[in-house]
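Student: First to last, the protein sequences are chains A and B. Taking this note's numbering, the leading residue of the first sequence gets 4, the next gets one more, and so forth. Taking this note's numbering, the leading residue of the second sequence gets 4, the next gets one more, and so forth. Let me give you the structure first, and then I'll get to my questions.
2 protein chains.
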Amino acid sequence: MKKEEECKIPNATAKRIPLYYRYLKILEESNVERIKSKEFSQLIQVPSATIRRDFSHFGELGRSGYGYDVSYLIQVFSHILNTQVEKRIALIGVGNLGRALIKNNFRRNEYLNIVSAFDSDPSLVGTKINNITIRHMDDLAEVVKKEGVMTAISTVPSKHSQGAVDSIVTSGITAILNFAPGRVKVPDNVKIQYIDLTTELQTLIYFDENFTSNHQFNFANQ
Amino acid sequence: MKKEEECKIPNATAKRIPLYYRYLKILEESNVERIKSKEFSQLIQVPSATIRRDFSHFGELGRSGYGYDVSYLIQVFSHILNTQVEKRIALIGVGNLGRALIKNNFRRNEYLNIVSAFDSDPSLVGTKINNITIRHMDDLAEVVKKEGVMTAISTVPSKHSQGAVDSIVTSGITAILNFAPGRVKVPDNVKIQYIDLTTELQTLIYFDENFTSNHQFNFANQ
C-alpha cells in the first residue's frame with residue numbers, strides 16, 4: 004500500500020524516523036517522559052538542529068524549555084512507521100547468517116516476524132529452525148501469497164544473489180534487505196537495501212588507523 | 004598506528020574508499036582493465052561527479068575518453084586502506100549471530116581474520132567453533148595483547164553492551180563494530196560503528212510502504 008500523501012516528508016528526515024522511534028521507545032522503557040533536543044542529540048548522535056528541523060515537519064511537538072513529550076512522539080512516529088502492523092518476512096538463504104537471523108527473529112520487536120525461510124539446497128528443505136520449516140526456493144511465490152509476506156531478507160552469497168533477488172521480485176515482494184554487497188538489478192517499484200559487513204569493517208579499521216579524533220559511524224544518522 | 008598525513012582526504016571521500024576498493028576488486032576478478040566514471044557510477048550507485056571528485060584527491064588517475072585503470076586504482080586504494088596487512092579481530096558475544104560471524108569469518112577477504120572469541124557464559128568457555136576456542140571475557144586483555152588484536156566485533160545484546168564495550172576498551176582495542184544499536188560511551192580515541200539491523204529493516208519497509216519511486220539504501224554511499 005503506497006501512501007503518497009506522506010511523501011512531503013523530506014527523504015533525509017524519513018530515513019531518521021526509525022532511529023528516532025527506536026530511541027524514544029528505549030526512553031519510554033526507562034520511564035523518561037520528556038526530552039530536550041539537546042539531550043536527545045547526545046543520545047542518538049544526530050545534531051540537535053537536525054532533530055528540531057525534522058520534528059517540525061510533524062507539527063508543534065516541542066515547547067521551549069520543556070522539551071518533547073516522549074509518548075506523544077512515539078504515537079506520531081508509530082503511526083508514520085505503521086509499526087503496529089505485523090511485517091511478515093521471508094528469509095532467503097539458510098546458511099550460518101540466515102540461521103542466526105531466524106533464531107534471533109527480531110525478538111525485541113514483536114511486529115517484525117520472519118515467518119518463512121527458503122533455500123535451494125535439497126538437504127535443508129523440510130528441516131526446521133525455531134518452528135519455521137525451510138522450503139525450497141521454487142515454492143517462494145506460492146508461500147509469499149499464502150502467508151502475506153511483504154519483505155525479504157536475503158543472505159544468499161554474491162555469486163547467486165541476482166538469481167535469488169529475481170525470484171524474490173517475481174514472487175511479488177517489493178522490499179529486500181540484501182546481505183550480499185554486490186549491486187543487483189531490480190525493477191523501479193522494488194526497494195533494496197544492502198548490508199555490507201566487510202565494507203563497514205574496513206571503513207572502521209581505516210578510520211581507526213588514520214584518524215585520531217572520534218568518529219561515530221552510524222551511516223543512517225548522516 | 005596513526006598516519007596523520009593522510010587526514011587531508013575529506014571524510015566523505017574516505018568513507019567511500021572501502022566501497023570503491025571492493026568493487027574494483029570485483030572488476031579485476033572479472034578481467035575488466037579500465038572503467039569510466041559513468042560505468043563505475045552505475046555499478047556502485049554513487050554519482051559519477053562524486054567518483055571523479057573523490058579520485059582527483061589521489062592525483063591524475065583517469066584520462067578523458069579512456070577511463071580509469073583498474074589495477075592502478077586498486078594499488079592506490081590498497082595502499083591507503085593498508086589491506087594487505089592482516090586485521091586481527093576479536094569476536095565478543097558468542098550467541099547465534101556471533102557464531103555465524105565466526106563460521107563465515109569474512110572468507111572472501113583473507114586479511115580480515117577473527118582470531119579469538121569471548122563470552123561470559125561459563126558453559127561456552129572452552130568450546131570451539133571453526134578451530135577458535137571461546138575464552139572468558141576476563142581473559143580478553145591478555146589475549147588481545149598476546150594475539151595482536153586491534154579490532155573487536157561485539158554482538159553482546161544492548162542490555163550488556165556498555166559493559167562489554169568497557170572491557171574491550173580496557174583491553175586496548177580502539178576499533179569496535181557493535182551489533183547492539185544502543186549508543187555506548189567510549190573514549191575519544193576509540194572508533195565505534197553500529198550495525199542496527201532492526202532500524203535498517205524498518206527504514207526499508209517504511210520506504211517501501213510510502214514511496215513508489217526507487218531508492219537504494221546503502222548509507223555508506225551517501
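All residues carry an ideal CB built from backbone N, CA and C; glycine is no exception. All values reported here derive from a predicted model rather than from experimental measurement.
State the start and end residues of the unbroken alpha helix (DSSP H) segment that holds Ala183/B.
Tutor: Segment: none, Ala183/B is in no alpha helix (DSSP H) and carries neither H nor E.
Student: Can you find a C-beta in chain B that's less than 9 angstroms from the C-beta of Arg37/A?
Tutor: no
Student: Go through its chain and collect everything with a Cβ distance to Ser40/B's Cβ below 6 angstroms, but skip five positions before and after it.
Tutor: Ser51, Ile54, Arg55
Student: Cα separation between Phe182/A and Gly68/A?
Tutor: Near 44 angstroms, if we compare the C-alpha coordinates of Gly68/A and Phe182/A.
Student: Using a beta-carbon distance below 9 angstroms, is Leu200/B in contact with chain A?
Tutor: By this cut-off, Leu200/B is an interface position.
Student: Is Asp124/A near Val168/A, with beta carbons less than 9 angstroms apart?
Tutor: Against a cut-off of 9 angstroms, the Cβ pair of Val168/A and Asp124/A comes out as no contact.
Student: Do the segment 70-84 of chain B and the segment 122-138 of chain B touch if we need at least three Cβ pairs shorter than 8 angstroms?
Tutor: no
Student: Using the beta-carbon of each residue, which ones in chain A are nearer than 7 angstroms to Pro50/B?
Tutor: Result: empty, since nearest Cβ-Cβ is about 14 angstroms, beyond 7 angstroms.
Student: Could you round the C-beta distance between Ala155/A and Asn99/B to whole angstroms and report it? I think they count as a contact, below 8 angstroms.
Tutor: Rounded to the nearest angstrom, the Cβ distance from Ala155/A to Asn99/B is 20 angstroms, too far for a contact under 8 angstroms.
Student: Where in the segment 102-128 of chain A do unbroken runs of the beta strand (DSSP E), each at least 3 residues long, occur, reported from the N-terminal end onward?
Tutor: 115-122
Student: For Thr173/A, which residues from the same chain have a beta carbon less than 7 angstroms from its beta carbon, with the 5 sequence-adjacent residues on both sides left out?
Tutor: Ala144
Student: Do we get a CB-CB distance below 9 angstroms when we pair Asp72/B with the residues of chain A?
Tutor: no
Student: Any beta carbon of chain A sitting closer than 9 angstroms to that of Thr86/B?
Tutor: yes
Student: Would you kindly work out how many angstroms separate the C-alpha atoms of Val159/B and Ser161/A, rounded to a whole number?
Tutor: Taking the Cα positions, Val159/B is about 27 angstroms away from Ser161/A.
Student: Measuring alpha carbon to alpha carbon, tell me which of Gly175/B, Ala17/B, Ile132/B ends up nearest Val152/B.
Tutor: Gly175/B
Student: Taking the alpha-carbon positions, what's the Leu207/A to Gly166/B distance?
Tutor: Rounded to whole angstroms, the gap between the alpha carbons of Leu207/A and Gly166/B is 21 angstroms.
Student: Restricting to Cα atoms, I'd like to know which of Arg37/A, Asn85/A, Pro13/A, Arg66/A is closest to Thr60/A.
Tutor: Just to set this straight, residue 60/A is His in the shown sequence, not Thr. Out of Arg37/A, Asn85/A, Pro13/A, Arg66/A, Pro13/A has the C-alpha closest to the C-alpha of His60/A.
Student: For Ser174/B, which of helix, strand or coil comes out of DSSP?
Tutor: Collapsing the DSSP output to three states places Ser174/B in coil.
Student: Taking only three categories from DSSP, how would you classify Asp72/B?
Tutor: strand
Student: Looking only at its chain, what residues have a beta carbon closer than 6 angstroms to the beta carbon of Asn108/B, apart from the 5 residues adjacent to it on each side?
Tutor: Ile117
Student: Just the Cα atoms here: how many angstroms apart are Ser157/A and Ile105/B?
Tutor: When only Cα atoms are considered, Ser157/A and Ile105/B end up about 19 angstroms apart.
Student: May I ask you to report which of helix, strand or coil DSSP gives His163/B?
Tutor: His163/B: helix per DSSP, three-state reduction.
Student: Let me check one thing: in DSSP terms, what residues is His139/A bridge-paired to?
Tutor: Asp122/A
Student: Measure the alpha-carbon distance for Ala94/B versus His82/A and round it to whole angstroms.
Tutor: Note on identity: in this sequence residue 94/B is Leu, with Ala being the wrong assignment. Each residue's Cα considered, the two are about 38 angstroms apart.
Student: By the DSSP assignment, the alpha helix (DSSP H) with Lys90/A in it spans what residues?
Tutor: Here Lys90/A belongs to no alpha helix (DSSP H); instead the beta strand (DSSP E) covers 90-95.
Student: Sort Val193/B, Gln196/B, Glu212/B, Gly185/B by Cα distance to Lys28/A and report the nearest one.
Tutor: Closest by alpha carbon: Gly185/B.
Student: Can you list the residues of chain B that Gln165/A reaches, using a CB-CB cut of under 8 angstroms?
Tutor: Within 8 angstroms Cβ-Cβ: nothing; Gln165/A doesn't reach chain B, min ~13 angstroms.
Student: Any beta-carbon of chain A closer than 9 angstroms to the one on Ser67/B?
Tutor: no
Student: What did DSSP end up calling Ala223/A once you bin it into helix, strand or coil?
Tutor: Because Ala223/A carries a pLDDT of 32, less than 50, the predicted location of this residue cannot be relied on, and the following value inherits that uncertainty. If DSSP states are grouped into helix, strand and coil, Ala223/A belongs with the helices.
Student: DSSP state of Ile198/A, grouped into three classes?
Tutor: coil
Student: As a quick exercise: from Gly129/B, Ser126/B, Gly70/B, Ile198/B, pick the residue whose alpha carbon is nearest that of Arg37/B.
Tutor: Gly70/B
Student: Among the candidates Phe210/B, Leu180/B, Lys148/B, Thr202/B, whose CA atom is the shortest distance from the CA of Val193/B?
Tutor: Out of Phe210/B, Leu180/B, Lys148/B, Thr202/B, Leu180/B has the C-alpha closest to the C-alpha of Val193/B.
Student: Is there at least one Cβ from chain A nearer than 9 angstroms to Gln205/B's Cβ?
Tutor: yes
Student: For Gln254/B and chain A, any beta-carbon pair shorter than 9 angstroms?
Tutor: In the structure displayed, chain B extends from 4 to 225; residue 254/B sits before or after that span and is not available.
Student: Measure the beta-carbon distance from Gln205/A to Pro21/B and round it to whole angstroms, keeping in mind my assumption that it falls under 8 angstroms.
Tutor: 4 angstroms between Cβ atoms; contact.
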